[in-house]
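Structure first, commentary second.
2 protein chains.
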Amino acid sequence: MKGKPLVSIVSAGLSKFGKLEGFYAREIFAEAAKEAFDRCPNLNPKRDIQALFVGHMGESYEHQGHTGATMADWAGLLYVSATRTEAACASSGAALRAGIYAVLSGLCDVVMVGGVEKMTHRTTPEVTEYLAMASDYPFEQWHGITFPGLFALMATAHMHKYGTTEQHLAMVSVKNHYHGSLNPKAHMQKEITLETALSSRVIAWPLKLFDCSLITDGASCLILTKPENAKKYTDMPVHIIGSGQASDTIGMYERESFTSLAAAKLAARKAYEMANLKPEDVNVAEVHDCFTIAEIIAYEDLGLCKPGEGGHLIEKDETKLGRRIPVNTSGGLKSKGHPVGATGTAQAYEMYLQLTGQAEKRQVKNAEVGLTHNVGGSGATATVHIYRRG
Amino acid sequence: MKGKPLVSIVSAGLSKFGKLEGFYAREIFAEAAKEAFDRCPNLNPKRDIQALFVGHMGESYEHQGHTGATMADWAGLLYVSATRTEAACASSGAALRAGIYAVLSGLCDVVMVGGVEKMTHRTTPEVTEYLAMASDYPFEQWHGITFPGLFALMATAHMHKYGTTEQHLAMVSVKNHYHGSLNPKAHMQKEITLETALSSRVIAWPLKLFDCSLITDGASCLILTKPENAKKYTDMPVHIIGSGQASDTIGMYERESFTSLAAAKLAARKAYEMANLKPEDVNVAEVHDCFTIAEIIAYEDLGLCKPGEGGHLIEKDETKLGRRIPVNTSGGLKSKGHPVGATGTAQAYEMYLQLTGQAEKRQVKNAEVGLTHNVGGSGATATVHIYRRG
Numbered sequence: 000m001k002g003k004p005l006v007s008i009v010s011a012g013l014s015k016f017g018k019l020e021g022f023y024a025r026e027i028f029a030e031a032a033k034e035a036f037d038r039c040p041n042l043n044p045k046r047d048i049q050a051l052f053v054g055h056m057g058e059s060y061e062h063q064g065h066t067g068a069t070m071a072d073w074a075g076l077l078y079v080s081a082t083r084t085e086a087a088c089a090s091s092g093a094a095l096r097a098g099i100y101a102v103l104s105g106l107c108d109v110v111m112v113g114g115v116e117k118m119t120h121r122t123t124p125e126v127t128e129y130l131a132m133a134s135d136y137p138f139e140q141w142h143g144i145t146f147p148g149l150f151a152l153m154a155t156a157h158m159h160k161y162g163t164t165e166q167h168l169a170m171v172s173v174k175n176h177y178h179g180s181l182n183p184k185a186h187m188q189k190e191i192t193l194e195t196a197l198s199s200r201v202i203a204w205p206l207k208l209f210d211c212s213l214i215t216d217g218a219s220c221l222i223l224t225k226p227e228n229a230k231k232y233t234d235m236p237v238h239i240i241g242s243g244q245a246s247d248t249i250g251m252y253e254r255e256s257f258t259s260l261a262a263a264k265l266a267a268r269k270a271y272e273m274a275n276l277k278p279e280d281v282n283v284a285e286v287h288d289c290f291t292i293a294e295i296i297a298y299e300d301l302g303l304c305k306p307g308e309g310g311h312l313i314e315k316d317e318t319k320l321g322r323r324i325p326v327n328t329s330g331g332l333k334s335k336g337h338p339v340g341a342t343g344t345a346q347a348y349e350m351y352l353q354l355t356g357q358a359e360k361r362q363v364k365n366a367e368v369g370l371t372h373n374v375g376g377s378g379a380t381a382t383v384h385i386y387r388r389g
Numbered sequence: 000m001k002g003k004p005l006v007s008i009v010s011a012g013l014s015k016f017g018k019l020e021g022f023y024a025r026e027i028f029a030e031a032a033k034e035a036f037d038r039c040p041n042l043n044p045k046r047d048i049q050a051l052f053v054g055h056m057g058e059s060y061e062h063q064g065h066t067g068a069t070m071a072d073w074a075g076l077l078y079v080s081a082t083r084t085e086a087a088c089a090s091s092g093a094a095l096r097a098g099i100y101a102v103l104s105g106l107c108d109v110v111m112v113g114g115v116e117k118m119t120h121r122t123t124p125e126v127t128e129y130l131a132m133a134s135d136y137p138f139e140q141w142h143g144i145t146f147p148g149l150f151a152l153m154a155t156a157h158m159h160k161y162g163t164t165e166q167h168l169a170m171v172s173v174k175n176h177y178h179g180s181l182n183p184k185a186h187m188q189k190e191i192t193l194e195t196a197l198s199s200r201v202i203a204w205p206l207k208l209f210d211c212s213l214i215t216d217g218a219s220c221l222i223l224t225k226p227e228n229a230k231k232y233t234d235m236p237v238h239i240i241g242s243g244q245a246s247d248t249i250g251m252y253e254r255e256s257f258t259s260l261a262a263a264k265l266a267a268r269k270a271y272e273m274a275n276l277k278p279e280d281v282n283v284a285e286v287h288d289c290f291t292i293a294e295i296i297a298y299e300d301l302g303l304c305k306p307g308e309g310g311h312l313i314e315k316d317e318t319k320l321g322r323r324i325p326v327n328t329s330g331g332l333k334s335k336g337h338p339v340g341a342t343g344t345a346q347a348y349e350m351y352l353q354l355t356g357q358a359e360k361r362q363v364k365n366a367e368v369g370l371t372h373n374v375g376g377s378g379a380t381a382t383v384h385i386y387r388r389g
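Taken in sequence, the protein lines are chains A and B.
Sequential numbering from 0 applies to the first sequence in numbering that gives the first Met the number 0.
Sequential numbering from 0 applies to the second sequence in numbering that gives the first Met the number 0.
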């Protein structure tokens, strides 16, 4: 089914991202669901939606698992088939993939996919510990390394092999903060200077505070249906034309490379093949910038530049709004924020806005084709999806 | 697609259930996967399997999330698309449902579904706390009620409404321990008397120690493919001909009934409709006996008897091996054990054995049609699947 729409997004919702004090995850998810329902008056959610997949990474934050059923109820979808998917920070990328299967299966005409995380009520050491569960317990966590440390290993390897610099990393942060300043739902809506990023305190060298994404509360969702049914619900569908998901070793110590993510490359290859497109056909992308080095590696893994040239791409400003291939127009995980379970479908939400011309100040002109790249942990899971304007 | 095979099970594996000291969940899952691969020499796992869905309830047990990728690697399926599903104790029932979608989608020819949990290295209070995450935090957990308490509420309501007795509950335990004594992989392989069950210590009245399922380590898996491809892999496929999944409120306090699970009834109705069968067509069933009262309610929700007559059904011994409708021939959660994430596909494994004539001492003669009923939490998730001998 090369290049043909797999499924169509007929609506999407995103809660405000930020420190949402006094709310449970279920209330934040309901906010995202309400936006999706309000955008789509032809949809009768309770009648039409037959399954829900919700990405949610950590039950420890609220001492609450069983997230599928909980979110279904609070979104007004009581009794629907509801399942939580977890693949660390790619939990809702995996939810999207599961929802695509469900629609293509013929068993469901309309499904909702989404994600949610409530994190900011926990202390930073608690959050760091919960996030660490996405890395290998016996050979990583147990020895005390946490995610900034794991991504610092990638950064130093990339610097050593390709000459990438601390300035390159900081430039990613500056760009994404600029984009975030244009997104009223972003957690941090302020521009920063290169100097601010470079002089921020070291977390795990060469990664500094401004190289790290945010601890954020938020939720996101999409409504998917068969392409032939999309017009029942909207005049502006966005078609998903490529989908890839792949895995790798949970521990970085078994990887062949520290400067590239095998799962991301494989997922991208599958998605491009299915879409029958090449990297140069992509007009706008959201990539998984959990740390600035991850965005530079993403450029290379997705073929937006050659291996080793990610630093040059950001140096030439080519991934900024208005340039060759705008990346993370939402602000990315760095500035919009990274409520881990919500991130995958929040990236898809940005594609929905961009490809329907609703991205306002951060609109990419004439965007036809978009791509999202969602990574779990240090790369043990990756999902890549490709979108086309309907 | 009424009555037609949705997908076919071409192989299945189950680890030993019990206290598996010194092993990580990933090693236990590998044991189950190895059995499935060994049973199916025509399958080249690394080449043929395109997706893995793994039910896993609690990342707290081993401080390890990101279970999909981890299990994929340890099962020898590195780089495969791998996702953890979580729906409390129905986590692998949900994995099975997700795998059915994946095969029907046309994107995957062969998928593996399964589940795993490693629990016994934790203290009972720890396990009780982790399990409680499947109930509602603000209005249940916070007030101190745990799962024995929640199911005790169902038991007292059932006793009050229908005259069900403590003896009825104990009879479920005696039957399932008898069945478990015939299953070499069961956690507890010993028969018990009614007196033993009735005189065991009260956990949450009327539920006593022998009314409660076990804290167990274990893993289970199935290999699914399209029915038209099944013969490539085995001469003895088992077809899945009905699948239903539904949700309910996470908290019991919002339910309309305490004597029936709405999600289970709805999932059963969907599965029966899809299979074009009636309850009386079922020859063997595995139901979710997390507590003895849950098995009695399951009889009623599945239509194996009328509402309120579950106590009579067990009193007349009709669900015992050799009688009208044998239930939980594996020993059930009560005697085989309940490694929560593994339970749903472990039930399906028992159906695979029964419908291919490999259940040895506990074989149900001439079994043609089987059913599994997997419940999450106090009933916020339920999955029901119906199987037919290939």
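No residue lacks a Cβ here, since even glycine has one placed at the ideal position from N, Cα and C.
Treat the numbers as computed from the prediction; the structure is a model and nothing was measured.
Excluding its 5 nearest sequence neighbours in each direction, L5 of chain A has C-beta neighbours in its own chain below 7 angstroms: I99, L103, I239, I240 and S242, listed in chain order. When Cβ-Cβ separations below 9 angstroms define contact, V374 of chain A makes no contact with chain B. Here the region 64–76 of chain A makes no contact with the region 116–136 of chain A; the two share fewer than three CB pairs at distances below 8 angstroms.
The C-beta of R96 of chain A comes closer than 9 angstroms to at least one C-beta of chain B. Your pair V112 of chain B and T344 of chain B checks out as a contact, with CB atoms roughly 6 angstroms apart and the cut at 8 angstroms.
In the three-state reduction of the DSSP assignment, G340 of chain A falls in the helix class. Going by beta carbons, C39 of chain B and T233 of chain B fall inside the 9 angstroms limit.
In this model, A245 of chain B and G217 of chain B are separated by some 25 angstroms (Cα to Cα). Within its own chain, the residues whose Cβ lies closer than 6 angstroms to the Cβ of S10 of chain A, once the five positions on either side in sequence are excluded, are A35, R38, C39 and I222, listed in chain order. Between the C-alpha atoms of K277 of chain B and G356 of chain B there is a straight-line separation of about 23 angstroms. Scanning the region 46–103 of chain A from its first residue to its last, the whole beta strand (DSSP E) runs of 3-plus residues come out as 48–54 and 80–85. For Y386 of chain A, the enclosing beta strand (DSSP E) starts and ends at T380 to R388.
L354 of chain A counts as buried, since at least 16 other C-beta atoms from the protein chains shown sit within 10 angstroms of its C-beta. By the neighbour-count definition (other C-beta atoms within 10 Å, threshold 16), Y348 of chain B is a buried residue. Contact annotation: T258 of chain B and P306 of chain B have beta-carbon atoms nearer than 9 angstroms. A straight line joining the alpha-carbon of N282 of chain A with that of T224 of chain B spans about 37 angstroms.
Taking a C-beta distance under 9 angstroms as the contact criterion, M56 of chain B and G64 of chain A qualify as a contact pair. In this structure, A274 of chain B lies away from D288 of chain B, with their beta-carbon atoms at least 9 angstroms apart. The Cβ-Cβ distance between V363 of chain A and P325 of chain A falls below 9 angstroms.
Residues of the region 42–69 of chain A that bring their beta carbon within less than 9 angstroms of a beta carbon in chain B comprise A50, L51, F52, H55, M56, G57, E58, S59, E61, H62, Q63, G64, H65, T66, G67, A68 and T69, in sequence order. In the structure shown, K174 of chain B falls within a helical segment according to DSSP collapsed to helix, strand and coil.
Judged by pairs of C-beta atoms under 8 angstroms, the region 257–272 of chain B does not touch the region 191–208 of chain B, as fewer than three such pairs exist. Remark: three or more beta-carbon pairs, one from each stretch, lie closer than 8 angstroms, so the region 331–346 of chain A and the region 43–58 of chain A are flagged as touching. Counting only unbroken stretches of 3 or more residues, the beta strand (DSSP E) elements lying wholly within the region 2–46 of chain A are 6–13, in sequence order.
Secondary structure note for G114 of chain B: it is in no alpha helix (DSSP H), and the uninterrupted beta strand (DSSP E) holding it is V109 to E116. A distance of 9 angstroms or more separates the beta carbons of I295 of chain B and V383 of chain B. Per the coordinates, the alpha-carbon of T164 of chain A lies some 18 angstroms from the alpha-carbon of N175 of chain A. Chain A places a beta carbon closer than 9 angstroms to that of Y136 of chain B, counting this residue as a contact.
For C107 of chain B, the nearest CB of chain A lies under 9 angstroms from its own CB, placing it at the interface with that chain.
Cβ atoms of G92 of chain A and A229 of chain A stay farther apart than 8 angstroms, at about 22 angstroms. Cβ contact annotation for A151 of chain A (same chain, cutoff 7 angstroms, sequence separation greater than five): A203, W204, P205 and L206, in chain order.
If one requires a minimum length of 3 residues, the beta strand (DSSP E) runs lying completely within the region 155–204 of chain B are 201–203, in chain order. The C-alpha of E139 of chain B lies about 21 angstroms from the C-alpha of D210 of chain B.
Around G250 of chain B, the same chain offers D135, F138 and E139 as residues with beta carbons nearer than 6 angstroms, after the five sequence neighbours per side are excluded. E26 of chain A sits away from K15 of chain A, with the two beta carbons spaced by 9 angstroms or more. Residues of the region 269–285 of chain A with a Cβ closer than 8 angstroms to any Cβ of chain B: none.
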